[in-house]
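To keep things clear, I will list the structure first and then write my remarks on it.
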Amino acid sequence: MYVVSPECQFLYEVMRNTLSKARVVESMSTAHVSSLVKKPFIGSKPLAHSLVALNAAKAARLALAIKSPESEAHPMTTKSTAIENDILKHRHLVELHKVKNPMKTVSVSSYNILSRHYLWETLYNYLPHEYTNWNKRLERLDRSFRDLSKLSDIMCFQEMEYKYYNDYWKSYMKSMNFDSVFEKKPTPGYWKKSPNMMDGVSIFWNTDKFDLLNFEKINFSDYFKNSVNFEQTLDTKQRLNIRNTVAVIAILRHKYTNETIFVSNTHLYWSPKHDDVKLMQTYLLTQLLRHSIARHYRLSVSQVSEMIKQKNGPTIIMAGDFNSNPSSMVYKFMADGLIDRQNAPPTFDQYYGEKFQDQIQNCLGSFKSPYKDLYNKGLFKKTTYTPKFKDVIDYIWFGDCNEKFSFTKVLGDIDQEYLKDYQGFPNKEFPSDHIPILSQFEFK
């Protein structure tokens, strides 16, 4: 039995009149909205204010939840959660350097959440139904988002379904003071479902800490098809132009330090037989980031390049699922800032035009991974965990073009004892086959 305030009762009467619209969200669990009414406050805002932010269709579903709140229990409100933050239940934060001023810290996370449409039985037949059931996974994802938001100031997600972002997660995260931008992938030819069910990438930022200055949505194919940017060779047409890879760039102002941060999030092409494609996609993203920096500061790209060369560049963060392990060309391109075609793996024999024949240079210089030392010491071995594939393919890269900050913490690997009981993820506690990664840095 829950006590409903007069303002909630008023909202309930309004929402009851919109029940006919509930069909558009019938695939959504009432647990998501019923959980919102079980607490008098969401974050620091009154419930009524949070309800107003929901769209009419969601309001209809919420009306049902108010009328019968016991219909579904949401894990966010169950008493069985014995630990304050589930993200840290089988992992811990690894300190790299002492924090001098907490107000100058920024925490960035990245997480491939595994779209429900890619959970194919042929690949995930090792999992019981309870681990693959979408409603149950959705509840676990909600909890992960909530707990990750307590550790992160900026969150980057891949394989986020547009329908659930637009109908639910956007407002759900806004109730916790996180605003967002999203870019949906174009639907491929084989796609038979609604275009709104296609996934994409998103960036969420804490509005208490950041102002959004600008953003950019990127469809890689649009740029690869442009003959001004890329010579239209046979390999360009058959390997680059046809991919539906996307990215987003957000330009954020850190309120306390007034520092500007350029953040990108992407999910590169998946196939291990297409390392060249992933390399060219990464190359393109660095070029577009340089253009974003130039536009923001009203500089030429050559002036930006000079800033970076002089270690006087802005703070640049490139996060995402790069589908590339530390022995890949993508990793070398990011860590070293250069690919020498004479020493590239033999698998890279594709031709993308004369300007890529000798060297492929990162126009933003080299990047640093805060996980590098842990990985080299064997203390961080995976960001994805399945029976046939366990490796590091997700990254949060930081441009090595200034000396304005230092790394302070990262989210460590999963306890090895825990993993002995599972062939792979997802499971009852990890809703994706990837795990979130997180890095904190501090402005000097």
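To convert a position in the sequence shown, counted from 1, into our numbering, add 324.
Positions of the beta carbon are idealized from the N, C-alpha and C atoms, including for glycine.
None of these values were measured; they are calculated from a predicted model.
Using only the heavy atoms of the ligand ZN, determine whether one of them is closer than 7 Å to the beta carbon of N538.
Annotation note on the ligand ZN: not contained in the displayed structure, which lists no ligands.
Quick one: any contact between the region 646-657 and the region 595-604, if contact means 3 or more CB pairs under 8 Å?
Because the criterion of three Cβ pairs below 8 Å is met, the region 646-657 and the region 595-604 touch.
M427 classed as buried or exposed, judged by whether at least 16 other C-beta atoms fall within 10 angstroms
By the neighbour-count criterion, in which a residue is buried when 16 or more other Cβ atoms sit within 10 angstroms of its Cβ, M427 is exposed.
I'd like to check one pair, K714 with T708: are the Cβ atoms closer than 8 Å?
A distance below 8 Å separates the beta carbons of T708 and K714.
Using 8 Å as the cut-off, can you tell me whether the region 477-493 makes contact with the region 515-524, which would need three or more C-beta pairs spanning the two stretches below that distance?
At 8 Å Cβ cutoff, the stretches touch.
What are the residues that DSSP puts in a beta bridge with V570?
In the DSSP output, where bridge partners are listed per residue, V570 has N543.
My parser needs the alpha helix (DSSP H) runs of 4 or more residues fully inside the region 613-683; what are they?
For the region 613-683, whole alpha helix (DSSP H) runs of length 4 or above, ordered along the chain, are 625-633, 653-660.
Assign F548 to one of three DSSP states: helix, strand, or coil.
Residue state, collapsed to three classes: helix.
Do three or more CB pairs link the region 673-682 to the region 557-570 at distances below 8 Å?
Enough Cβ pairs lie closer than 8 Å, so yes.
Could you please give me the residues that DSSP links to C480 through a beta bridge?
Answer is S434, I527, bridged to C480.
Locate the alpha helix (DSSP H) running through I560, then write down its first and last residues.
At residue 560 the sequence reads Thr, which differs from the Ile that was named. Taken as a continuous stretch (DSSP letters only), T560 belongs to no alpha helix (DSSP H), as it is neither H nor E.
Output yes or no for whether 8 Å exceeds the beta carbon distance between S526 and V505.
In this structure, V505 lies closer than 8 Å to S526 by Cβ.
For L417, does the three-state DSSP call read helix, strand or coil?
The answer is strand: DSSP assigns L417 an E or B state.
Can the beta-carbon of K768 be found less than 8 Å from the beta-carbon of E419?
It is not a contact, given that the beta carbons lie outside the stated cut-off.
What are the boundary residues of the beta strand (DSSP E) that includes E583?
Premise fails: E583 is in no beta strand (DSSP E) and is neither H nor E.
Do the CB positions of D410 and D471 come within less than 8 Å of each other?
For D410 and D471, yes; Cβs fall inside 8 Å.
Limits of the unbroken alpha helix (DSSP H) element including K768
Unbroken run through K768: none, as it is neither H nor E.
Take the Cβ of E445 as the centre, count every other Cβ of all protein chains shown within 10 Å, and call the residue buried at 16 or more, exposed below.
The Cβ neighbour count for E445, taken over all protein chains shown within 10 Å, is under 16; the residue is labelled exposed.
Exposed or buried, which one is Q283 when buried takes at least 16 other CB atoms within 10 Å?
What is shown of the chain runs 325 to 768, which leaves residue 283 out entirely.
Can you say whether Q634 is buried or exposed, counting buried as having 16 or more other CB atoms within 10 angstroms of its CB?
With fewer than 16 other Cβ atoms within 10 Å, it is exposed.
Can you say whether E703 is buried or exposed, counting buried as having 16 or more other CB atoms within 10 angstroms of its CB?
It should be noted that the sequence gives Leu, not Glu, for residue 703. Exposed, by the Cβ-count rule.
In or out: G689 buried (at least 16 other Cβ within 10 Å) or exposed?
Buried, because 16 or more other Cβ atoms sit within 10 Å of the Cβ of G689.
List the endpoints of the continuous alpha helix (DSSP H) containing D471.
Segment 458-475, the alpha helix (DSSP H) holding D471.
Return the Cβ separation of D737 and R464 in integer angstroms, given the expectation that the two are a contact with Cβ distance under 8 Å.
That pair is no contact at about 20 Å.
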